[in-house]
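Data first, discussion second: the structure below is written as structure tokens.
Number of protein chains: 2
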Amino acid sequence: MKIISTVKLKSLLNDLQQEFNEHEFIERESLDHLTAEDLAEAELLIAYDSELDQQLLEQMTNLRWVVWYAAGVNNLPLTYMKERGIILTNARGVHKIQISEFIFAYIMQDYKHLNDYHDLQQSHGYQTKIRTAELYAQTICFIGTGEIAENAARIAQAFGMKTIGINTDGREVEHFNETVSLNYRREAFKKADIVVNVLPETDATINLLVKEDFQAMGEKALFINVGRGTVVEEAVLIEVLKNKIIRKAALDVFYQEPLDAASPLYKLDNIIMTPHITGLSRRYNERATNIFKENLKIGIDNSKDFINLVDYTKGY
Amino acid sequence: MKIISTVKLKSLLNDLQQEFNEHEFIERESLDHLTAEDLAEAELLIAYDSELDQQLLEQMTNLRWVVWYAAGVNNLPLTYMKERGIILTNARGVHKIQISEFIFAYIMQDYKHLNDYHDLQQSHGYQTKIRTAELYAQTICFIGTGEIAENAARIAQAFGMKTIGINTDGREVEHFNETVSLNYRREAFKKADIVVNVLPETDATINLLVKEDFQAMGEKALFINVGRGTVVEEAVLIEVLKNKIIRKAALDVFYQEPLDAASPLYKLDNIIMTPHITGLSRRYNERATNIFKENLKIGIDNSKDFINLVDYTKGY
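Chains A and B are the protein sequences, given in the same order.
Just so it is clear: in the first sequence, position 202 is 196 by our numbering, and no numbers are missing.
Just so it is clear: in the second sequence, position 261 is 255 by our numbering, and no numbers are missing.
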């Protein structure tokens, strides 16, 4: 097969070429840089590029498989791809390690007062009344029980935390001491010291969390959002933080991104913010490539057994 | 038995009195506040007070058991206590949760650039080139394989880290992928991304780490010290940090404590410092009391089965 990548795979592409020398691997800078020959002959396209649209795909008459190096496929021309019978696999799961780790970074920053100790060091101070809290025996509740939440829950249990998972039907998931359905989420919020949103953006998750949810979490709670910012309206978030309805928030995602420098969120003293970076990893392409390699070994004729095969009827 | 506590146990003392109502529990503000009756009648003393010396013990003619609410017993009159046949138990193990957690707080602060992200937030910045590192697949090496190291190694493995333990004879310990004897420690340092000292202060550990040890760790290394500051001379530490022989240090303990505000350590930009606080916990007394309760249940007549029974010949 002729395989074109518009993802900058660098040495990973050489590794692929060596391991799968029955195929021809070609790297192009972007989809705009595909040659007429590329378009005509490519059977497989590795991409992570918002310009992959129906018009382009129509020119790629031999294309059989799109290897999408992101998790979300909602901007791809799914209906057309389904009609054409193009196989689509994505990079679901490549975020779980880095996002899980950052959840604990936020918790440590908050529970261990790392900023306060940093300030103490800057002032050459030694004596202090700063007292830290322990993760041990705390209850952490994840909204969503997918791969990221499950991995983070496993680590939380290693810290001696109690884990609660919230999903649509309350089904049991490994590494959660308890699971609750979305309808009963406020019962879980009441028990939790930390609530972590890891939900993706769908029609069902936009504006899901309202003031009553934060009232259930209460003034003890640290709310962490590494899912999508649209899960709660910014005005609601500002109100609950300003009025200390919850204790603190750690946010990597925002309703409108990039966050405006004039956002009132910056004025709050009980907030930790990062600029949508928890999913980044120096090993991102390596991990996505490992999934692709497994699928290449399975072989395109057995694509129904592929890892991360997108189901066009579900849209993910 | 008449049991005197000079540790402020508050409600924990009431709990003890209720659970063990065959004994009489009395709290005194300090050893100076013991009455003549206390001295004459007490059979059991709960203390954490540097003034517990031979002179005082000689007055406590009925004393059979000292429950020491700290780990280190090296300042107690051990020879005299042994002669008298006084049972001594300590609070070994009560630090493992909080110190383990703080090890990961330092790692998160360093690997996830939490200070840089905090500064970015203060400047209302959103775009950034700050790239973080992952704990996953890193190698962490503990000098010492006692309870703190073992607990931290267990958590490290949950993060997907490789763990190496260094102890006197290289004996295997749970949660360490590999163990190495102290003589071969530099081989372990070469493999490690993070080296954590958790050793207590003994004749054998004072000035144990010299320049060659840090050269073995190399410029990739984060060195964390939550054991005792005397494991490395301050001048050596300053040299290896100033010359970037190692990448960074996170220190909770210092050669001279409290650390002088004029210490050259404050001038270094590759150092994280906290004022000997990683062992503190709001649950310290609760944990020490739980050990004591277990021993009370075992009963003084079976003291050879006690948890944390100090062996006078070993001194710990």
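Glycine residues also receive a C-beta, built at the ideal position from the N, C-alpha and C atoms.
Nonlocal neighbours in the same chain, by C-beta distance under 6 Å from residue i, ignoring five residues either side
| i | result |
| --- | --- |
| V234/B | F208, I240 |
| N171/B | K156, T157 |
| A146/A | S94, I97 |
| D299/B | I292 |
| C135/B | I158, A182, A186, V189 |
| D163/A | S175 |
| W62/B | N84 |
| F217/B | V189, I240, A243 |
| G48/A | The displayed chain sequence assigns Gln, not Gly, to residue 48/A. Taken in chain order, the residues that qualify are P71, Y74. |
| P258/A | I232 |
Rounded distance between the beta-carbons of residue j and residue i, thought under 8 Å
| i | j | result |
| --- | --- | --- |
| N264/A | V225/A | At roughly 19 Å, the Cβ-Cβ gap does not stay under 8 Å, so N264/A and V225/A are not in contact. |
| T126/B | K106/B | 5 Å |
| A65/B | Y42/B | Incorrect: roughly 10 Å between the Cβ atoms, too far for contact. |
| Y74/B | I91/A | Contact flag wrong, Cβ pair sits at about 56 Å. |
| R179/A | I137/A | 7 Å |
| V230/B | K261/B | 16 Å between Cβ atoms; not a contact. |
CA-to-CA distance, residue j to residue i, given in whole angstroms
| i | j | result |
| --- | --- | --- |
| A85/A | I301/A | 9 Å |
| I40/A | K287/A | 12 Å |
| A215/A | K236/A | 14 Å |
| N68/B | L274/B | 20 Å |
| Q11/B | L28/B | 19 Å |
| R277/A | L46/B | 56 Å |
| E21/A | A30/A | 15 Å |
| T139/B | L72/A | 55 Å |
| P194/B | L202/B | 11 Å |
| T199/A | R222/A | 9 Å |
| Y111/B | L253/B | 28 Å |
| I271/A | D246/A | 7 Å |
| I142/A | T173/A | 15 Å |
| E35/B | I(-2)/B | 10 Å |
| N15/B | E37/B | 15 Å |
| N161/A | E18/B | 52 Å |
| S297/A | V88/A | 20 Å |
| Q115/B | I101/B | 21 Å |
| K(-4)/B | K308/B | 29 Å |
| N177/B | R165/B | 13 Å |
| D295/A | N289/A | 10 Å |
| T268/A | D113/A | 19 Å |
| Y120/B | A255/A | 8 Å |
| I285/A | K123/A | 49 Å |
| E251/A | D197/A | 18 Å |
Close beta carbons around residue i, own chain, < 8 Å, minus the five adjacent residues each side
| i | result |
| --- | --- |
| K184/A | A210, M211, G212 |
| K80/B | Note on identity: in this sequence residue 80/B is Ile, with Lys being the wrong assignment. Excluding sequence neighbours, I80/B sits near L51, L57, R58, W59, V60. |
| L6/A | N279, E280, T283 |
| Q103/A | N109, A244, I266 |
Proximal residues to residue i (C-beta, below 7 Å), its chain only, five neighbours per side dropped
| i | result |
| --- | --- |
| L3/B | E21, N279, T283 |
| I149/A | S94, F98 |
| H118/B | none |
| Y312/A | Lying before the first or after the last residue shown, residue 312/A is absent from chain A, which here runs from -5 to 310. |
| E144/B | V167, E168, H169 |
| V304/B | V67, L82, T83, N84, Y310 |
| F153/A | L129, Y130 |
| Q53/B | L33 |
| L25/B | T0, A41, D43, E45, L46, L50 |
Amino acids of chain D, ordered along the chain, whose beta-carbon sits closer than 7 Å to that of residue i
| i | result |
| --- | --- |
| A99/B | Among the protein chains in the structure shown, which are A and B, there is no chain D. |
Exercise. Hey, which unbroken runs of the alpha helix (DSSP H) at 4 residues or more fall wholly within the stretch 100 to 134 of chain B?
Worked result: 108 to 116
Problem set entry | Residues in the stretch 247 to 258 of chain A having any Cβ partner in chain B nearer than 7 Å | P252, L253, A255
For this session: Could you tell me which uninterrupted alpha helix (DSSP H) segments, each at least 4 residues in length, are contained entirely in the stretch 48 to 76 of chain A, listed from first to last along the chain?
Result: 48 to 53
Exercise. Which of the residues in the stretch 109 to 120 of chain B, read from start to end, lie with their CB under 8 Å from any CB of chain A?
Worked result: N109, Y111, H112, L114, Q115, H118, G119, Y120
For this session: Below 9 Å between beta carbons is the criterion; list the residues of the stretch 258 to 272 of chain A that meet it against any residue of chain B, in chain order.
Result: Y260, I265, I266, M267, T268, P269, H270, I271, T272
Problem set entry | Residues within the stretch 41 to 67 of chain B neighbouring chain A, beta-carbon criterion of under 9 Å | none
For this session: Output the residue ranges of the alpha helix (DSSP H) runs that lie fully inside the stretch 146 to 188 of chain A and measure 4 residues or longer, sorted by chain position.
Result: 179 to 185
For this session: Output the residue ranges of the alpha helix (DSSP H) runs that lie fully inside the stretch 228 to 302 of chain A and measure 4 residues or longer, sorted by chain position.
Result: 228 to 236, 278 to 292
For this session: With 9 Å as the limit, tell me which residues of the stretch 1 to 23 of chain B have their beta carbon closer than that to any beta carbon of chain A; keep them in chain order.
Result: none
Problem set entry | Members of the stretch 71 to 93 of chain B that neighbour chain A once the beta carbon cut-off is set at 7 Å | I91, Q92
Exercise. Name the residues in the stretch 172 to 197 of chain B whose C-beta lies less than 9 Å from a C-beta of chain A; which are they?
Worked result: none
For this session: Quick one: which residues of the stretch 140 to 153 of chain A get their C-beta closer than 7 Å to a C-beta of chain B? List them in chain order.
Result: R148, I149, A152, F153
Problem set entry | Residues of the stretch 274 to 287 of chain B with Cβ closer than 8 Å to any Cβ of chain A, in chain order | L274, S275, R276, R277
Problem set entry | Cβ-based contacts, 9 Å cut-off: residues of the stretch 120 to 139 of chain B near chain A | Y120, Q121, T122, I124, R125, T126, A127, E128, L129, Y130, A131
Problem set entry | Members of the stretch 207 to 234 of chain A near chain B, C-beta cut-off 7 Å | none
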